[in-house]
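Enquirer: Got a structure for you, written out below as C-alpha cells; questions coming shortly.
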Amino acid sequence: MTGSYNPKDIETKWQEEWEKDGINDVVEGSSKPHKYVLEMFPYPSGDIHMGHVRNYTIGDVISRYSKMKGFNVLHPMGWDAFGLPAENAAIKHKSHPAKWTYGNIATQKASFKRMGFSYDWNRTVVACDPEYYRWGQWIFLQFWKRGLVERRNSPVNWCPDCGTVLANEQVIEGRCWRCHSEVQKRDLTQWYFKITDYAQELLDDLNQLDGWPERVKQQQANWIGRSEGAQVDFILCDKDGNIPADPTPDDIITVFTTRADTLYGCSFFVLAPEYARVAEFVAGTPYEEEVMALVEASKKITAVQRAMGDHEKHGAFTGRYVVNPINGEKVPVWVADDVVADYGTGAVMAVPCGDQRDFEFARKYDLPIIPIILEPSDPLYSRLCEEQGRVVTSVDWEQAYAAEGILVQSGEFTGMVGGKHSPGEDAVVAKLEAMGRGKRKVEFRLRDWLISRQRYWGNPIPAIHCEHCGVVPVPEEDLPVRLPEDIDLAAGETLATHKGFIECTCPVCGAPARHETDTMDTFTCASWSVLRSTDPHNRELPFDPAKAATWMPVDQYIGGIEHALLHLLYSLFFTKVLRDIGLVDFNEPFTNLLCQGMVLDGKGEVMSKSKGNVIAPEDMIAQYGADAVRAYILFMAPPDKELLWNEAGLAGMFRFLKRVWRQVQLLSHDPDVRQDNVTEDDAKGKAAAKTLNRELHRVIGKVTDDIERFNFNTALAAIMELANATDEYLKYVPAQTRANCEPLQELDAFAAKTLVLLLAPFAPHWAEELWHEVLGEQGSVHLQDWPTWDPAQAVAETVTYPVQINGKVRARVELSKEAGKDELQAAALEAAASYLDGKTPKKVVVVTGRLVSIVI
RNA sequence: GGGGGUGUGGCGAAACGGCAAACGCAGGGGACUUAAAAUCCUCCACCCAAAAGGUUUGAGGGUUCGAAUCCCUCCACCCCUACCA
1 MTGSYNPKDI
11 ETKWQEEWEK
21 DGINDVVEGS
31 SKPHKYVLEM
41 FPYPSGDIHM
51 GHVRNYTIGD
61 VISRYSKMKG
71 FNVLHPMGWD
81 AFGLPAENAA
91 IKHKSHPAKW
101 TYGNIATQKA
111 SFKRMGFSYD
121 WNRTVVACDP
131 EYYRWGQWIF
141 LQFWKRGLVE
151 RRNSPVNWCP
161 DCGTVLANEQ
171 VIEGRCWRCH
181 SEVQKRDLTQ
191 WYFKITDYAQ
201 ELLDDLNQLD
211 GWPERVKQQQ
221 ANWIGRSEGA
231 QVDFILCDKD
241 GNIPADPTPD
251 DIITVFTTRA
261 DTLYGCSFFV
271 LAPEYARVAE
281 FVAGTPYEEE
291 VMALVEASKK
301 ITAVQRAMGD
311 HEKHGAFTGR
321 YVVNPINGEK
331 VPVWVADDVV
341 ADYGTGAVMA
351 VPCGDQRDFE
361 FARKYDLPII
371 PIILEPSDPL
381 YSRLCEEQGR
391 VVTSVDWEQA
401 YAAEGILVQS
411 GEFTGMVGGK
421 HSPGEDAVVA
431 KLEAMGRGKR
441 KVEFRLRDWL
451 ISRQRYWGNP
461 IPAIHCEHCG
471 VVPVPEEDLP
481 VRLPEDIDLA
491 AGETLATHKG
501 FIECTCPVCG
511 APARHETDTM
521 DTFTCASWSV
531 LRSTDPHNRE
541 LPFDPAKAAT
551 WMPVDQYIGG
561 IEHALLHLLY
571 SLFFTKVLRD
581 IGLVDFNEPF
591 TNLLCQGMVL
601 DGKGEVMSKS
611 KGNVIAPEDM
621 IAQYGADAVR
631 AYILFMAPPD
641 KELLWNEAGL
651 AGMFRFLKRV
661 WRQVQLLSHD
671 PDVRQDNVTE
681 DDAKGKAAAK
691 TLNRELHRVI
701 GKVTDDIERF
711 NFNTALAAIM
721 ELANATDEYL
731 KYVPAQTRAN
741 CEPLQELDAF
751 AAKTLVLLLA
761 PFAPHWAEEL
771 WHEVLGEQGS
781 VHLQDWPTWD
791 PAQAVAETVT
801 YPVQINGKVR
811 ARVELSKEAG
821 KDELQAAALE
831 AAASYLDGKT
841 PKKVVVVTGR
851 LVSIVI
C-alpha cells in the first residue's frame, strides 16, 4: 500500500538504508569486469551549487547504470582540500584553515548524500589529511631523485596582497584571482617540477587519447606549444663596433627563429629588457642612461597592460652591433619591451618585412625594412628577382608580409620558396649548420611548473636548508612533514615565522638547520588522488601498484571544462613520471573524458560567491526532492553543453515522476489507487496495448544507447514517450480487463518494472521505493540487471512511407515492414500517379525503411 | 593575433544526408470545482479567416533524388589563449 509520490518521505529513508546495507561499497576481488568512474574532486569552498549537482549527477548515472550492466564499479569521492581560500577565511574569522575546510567538507558531504550520490565513502581522499599528504611529499622526493625537482631564480607572478607567488592559472587578465590586485613580476628563487622534460611526450601522447574531446586535446597541444625552428648565432661586435677576429663564446648571442629563411631581411636585433647582459653592454656608454631607463620602465608594465595588448612598445639602441652570420652584415642591437625574456633565448633577430611587430617597431624608430620575401604578383618581384645583391631597403607597405612567398635579395637563396617549414628555410638552416653558426631547434611554450607557495595551507615541501650541506631532502622515514597546528594566521604568523616548524637538524651532518617553509601548489595533490582512491588506506606506499593496476586507468573521468587544462596536464605528467619510477604500468590515467558544460546563472554569468549569484539545490530539494533535481538538470541539455540555469521546468520533472509513480501503481493493481478517466474502448485498447509493448522494447533500446553516449536528455525524453504510451493504454484498458487477461497482466508487469528500472539511475530513491513498496520486489533496485529488449518487437509491423516528388512529400503509402524495394516502388508510383500525368519519372530512389523519392 | 565552439518556435531543446521542431517549459481554450490548487482533455513555428497551399534551421552560394546536417564565402555571439620571434 502506498500513497502518492512524496519525495520527503522516501529520500532520506533510502539514503540511510543504502548506507546501512553498504550497497555502494566496492567489492574487491569480484569476478565481474571492473569499471572506474570518477568525477573531479570538489574544492570545499562552501556548500555545493548547481555546477556540482550537474557534474556529480552525470557521474552517478553512469556509475549506477554501469553497475546494473554488470560491472564492478569503483566510484569514489574526495576533496581537493588545500588552498588559499581556506587560509583567507581563517584569517578573516580568526580561526584555523582546517576548521573551515573540514566544516565545508562535512557540509558538502551531507549535500552529496542528500542528492543520493552512490559513493563508496570508505574511500574518501582528503588532500589536507597527513595520511594523504605524506605520500605527496614522498612522491616529491622520488621526483627529486630523478632530477625532476629544481630550485632556481626566475621572474615569477607575485601577488602583493596575498603575499605569495601565483600559478599562471591564478592570474586572470593580470590580476590576482582572489583579491584582484595587479600581479607583479619578481625575481625569486622558487621550486619547480620539470614538466618541460616531458613536453614532447605529453604532446605526442595526446594522439592516444581517443576517448577525449578534441577541444581539450587541442587546448593542451596549444598550451605545450611546440615550435620548430633554428638557433642562429650572431657575433657581438666590441664597443667600438669591431668584429672580433677570434670570437669567444662570450662574443656570441644566440636567437631562436622559426623563419631562418628571412635572415637576409634582418635589419636590427633586439634584446629583452631582462636579458642578463644588457647592463654590461651599455655600461659607461652614452646609451647607458636611455637603455637602463627603458629596462626600469619595462618592469612597471603590468600584466594587465600586456594582457590587453594596449601598451605602447618602446625600444632603445644599445650602441652595440652584431653580425648576421648569413651575409656578414652588421646590424644594430636594441632593447625593447616587447621581447619576452623567458621564451627562446630572450634575444630576437628582427625582420620587419616579414613580421608585423618588427615592422611596426622599424616604422616607429625609422629602421630599414628590406623586402626579401614577396608574392610573385608584387610589383617589386620581377625587378628584385633579376637583381644580384641588395638594391631596395625600404618599402611603402602598410604591413609586413608574413605569408609564404618567394625569396628575393637573398643571395644564393633568391628564388626559393620561403615561409615556415619551407624549402628556403631548410636551405638556410643547412647552410648555417655547415658554417657552424646555427642548428635545428625545437622550442616549447610550456614552462616548468612552479610549485612552491608562500602560504601555510598546503603540503609542506620536504626539504631542509643546511648551512654546510645546502638544500637536502627530508629522509623518507621522517615523513610526513606535518603542518603545525598551533599557528595564528590572523596575527600574521606564517610557516616562515613559526620557530617550532623551522628549527631542525640537518639529516646529513646533524648541524642545526632550517625547514623549507614553502608549501606545494594544490594541483600537486590533485595530480595523483585518482591513484590513491584505488588503495586509500595504504600506510606503506602511496598506493599498491597491484591495486592501481586493477582499477586504472579510469574508464570514465568527468569534470568541468573550465579547469580541465591544467589539472589534466599535470595529472598526465604525474602519471608518466610514476610510470618511469615503476609504480604504474600505463601511460594515460584517464581513458575517457567527459567535459560537462558550465552551469551559468539565468543571465549567462558564471556563478561565483563574489557576484552573489550562486544557486544551491537546497530549496529545490526541499520542494521537489533530489530525484527531480537530478533528472531535471540532465534533461535540460546534453552534458557537454553550457547551461543557463532556469528553475521553471523543474516542476515539470516533478510532475513527470508523480505521473509515472501513479502509472506504476495502476499497472501493479494497487488497490488504494483509483483509476479515473477510463474510457473502455476495445479497438483503441488493443491498439494501445500493442503500441505499449512496442514502445517498451524500443525505449529500453533507446535509453540504453543514449546513456552509453551520455545523451541523458534524450534518454529521459524517450522515457516520457513511454509514459505517454502507458497513459494511452491505461486510458482505454480498464483495470478489470487487465486483471482478467493473462497477456495483459504480463504487459502490466513488464511495463511497471521497465519504467522503474529505466528511471533508477536518474531517480534512485523514487525507483527504490516503487521497487519495494509497489512492485513488492526484494533486494535493491540498483543491484538489478538492466532490462533487455527484443529489437524485433521494437518496430511496427507496417511503415508509412512518404513519397517525395521533386523533394516534396506528395503522398504516403503504408506497407508491411517486410515489403521489398520493388513492391515499395510500385506502390509509390501508384500513389503518385496523379502527379506523374502518365509520364515516366526521370529517376526513382527507394530507401527501404525510409522513403521513396521520385524525380519528374 | 592564434585555437575551439555555437547559431533551429516565446523558452530549454530534438533530428549520426531521408517527413524540421520529438520531449518538456511557458502560454491559449475547455472539463472538474462555489472558487482556487491539483488533475484531465485540447490547441500551440510562420503566412492565409479556415481549408488547400506556401514559407522556415544566422546570410549567400555549391554538392545531392534529397542538406539543420557535407563543402565554400560571409555575419553575429561565446569560451580558451596570447607581445612565443
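The letter at position 432 of the first sequence is residue 432 when you use this note's numbering, and the numbering goes up by one with no holes.
Yeah, the Cβ is synthetic: ideal placement off N, Cα and C, and Gly gets one too.
Given the structure is predicted, the values throughout are model-derived calculations rather than measurements.
#1: Hey, quick one: how far does the alpha helix (DSSP H) through Glu433 stretch, first residue to last?
#2: Anyone know if the C-beta pair for Pro512 and Leu432 falls short of 8 Å?
#3: Work out the CA separation of Glu721 and Glu728 for me, nearest whole Å.
#4: Which same chain residues end up closer than 7 Å to Thr345 when comparing Cβ atoms and leaving out the 5 residues on each side of it in sequence?
#5: In angstroms with no decimal places, state the Cα-to-Cα distance between Trp18 and Ile719.
#6: Using CA coordinates, which residue listed in Phe281, Ala90, Ala548 is at the minimum distance from Ile487?
#7: Any idea what DSSP makes of Gly103, helix, strand or coil?
#8: Counting C-beta neighbours from all protein chains within 10 Å, is the total for Asn207 16 or more, i.e. buried, or is it exposed?
#9: Could you tell me the alpha carbon to alpha carbon distance between Gly807 and Trp449, rounded to whole angstroms?
#10: Within a Cβ cutoff of 8 Å, which residues of the same chain sit near Val844, ignoring the five residues on either side of it in sequence?
#11: Below 8 Å on the Cβ atoms is my guess for Pro376 versus Cys353; work out the distance and round it to an integer in Å.
#12: Using the Cβ count rule (16 or more neighbours within 10 Å means buried), how would you classify Arg445?
#13: Please classify Glu773: does DSSP put it in a helix, a strand, or coil?
#14: Helix or strand or just coil, what does DSSP make of Asn207?
#15: Can you tell which of Glu540, Glu467, Lys313 has its C-alpha closest to the C-alpha of Cys504?
#16: Taking Cβ to Cβ, would you say Leu716 is nearer than 8 Å to Ala832?
#17: Where does the unbroken alpha helix (DSSP H) through Val660 begin, and where does it stop?
#18: DSSP state of Thr196, grouped into three classes?
#19: Would you kindly work out how many angstroms separate the C-alpha atoms of Met1 and Glu777, rounded to a whole number?
#20: Please report the Cβ distance between Thr517 and Leu495, rounded to the nearest whole angstrom; I am assuming they are in contact, meaning their Cβ atoms lie under 8 Å.
#21: Taking C-alpha atoms, which residue in Val171, Gly458, Glu11, Val472 lies nearest to Thr522?
#22: Restricting to runs no shorter than 3 residues, where is the beta strand (DSSP E) found entirely within the stretch 2-60?
#23: Between Trp79, Tyr65, Thr189, Lys217, which lies nearest to Ile48 when the distance is taken from Cα to Cα?
#24: I need the boundaries of the beta strand (DSSP E) containing Trp334, first residue and last residue.
#25: Quick one: Cα of Tyr36 to Cα of Val156, how far?
#26: Is the beta carbon of Arg455 less than 8 Å from the beta carbon of Leu84?
#27: Tell me whether Phe762 sits in a helix, a strand or coil according to DSSP, three-state version.
#28: Verify whether the separation of the beta carbon atoms of Arg453 and Val165 is less than 8 Å.
#29: Which class does Pro155 belong to by DSSP, given the choice of helix, strand or coil?
#30: Spatial neighbours of Lys217 within its chain, please: CB distance less than 7 Å, with the 5 preceding and 5 following residues excluded, ordered by chain position.
#31: For Ala526, which of Leu569, Gly70, Val442, Glu493 has the nearest alpha-carbon?
#32: Excluding the 5 residues preceding and the 5 following Ala794 in the sequence, name in chain order all residues of the same chain whose CB lies nearer than 7 Å to its CB.
#33: Give the DSSP-derived three-state secondary structure of Arg850 in the structure shown.
#34: So, does the stretch 424-439 touch the stretch 60-77, judging by three or more C-beta pairs under 8 Å?
#35: Taking Phe590 and Val629 to be in contact with their CB atoms under 8 Å, please state how far apart those CB atoms are, rounded to whole angstroms.
Expert: In short, the structure shows the following:
#1: 423-435
#2: no
#3: 11 Å
#4: Thr254, Val255, Phe256.
#5: Annotation: Trp18 to Ile719 spans about 25 Å, alpha carbon to alpha carbon.
#6: Ala90
#7: helix
#8: exposed
#9: 60 Å
#10: Gln825, Ala828, Leu829, Val852, Ser853, Ile854, Val855
#11: Contact doesn't hold; Cβ gap of about 16 Å is too wide.
#12: The residue is exposed, with fewer than 16 neighbouring Cβ atoms inside 10 Å.
#13: Looking at Glu773 - three-state DSSP - the assignment turns out to be helix.
#14: helix
#15: Ranking Glu540, Glu467, Lys313 by CA distance to the CA of Cys504 puts Glu467 first.
#16: no
#17: 650-667
#18: helix
#19: With a pLDDT of only 49 at Met1, under the threshold of 50, the placement of this residue in the model should not be trusted; the figure read from the coordinates follows. If I take the Cα positions, the gap works out to 13 Å.
#20: Between Thr517 and Leu495 a beta carbon distance of about 4 Å is seen, short of the 8 Å cut, so the two are scored as contacting.
#21: Gly458
#22: 34-39
#23: Trp79
#24: 330-336
#25: Put simply, the backbone Cα of Tyr36 is about 38 Å away from that of Val156.
#26: Yes, Cβ-Cβ distance for Arg455 and Leu84 is below 8 Å.
#27: coil
#28: yes
#29: Secondary structure of Pro155 (DSSP, three-state): strand.
#30: Leu206, Leu209
#31: Leu569
#32: Arg694, His697, Arg698, Gly701
#33: coil
#34: no
#35: The Cβ separation is near 27 Å, so there is no contact.
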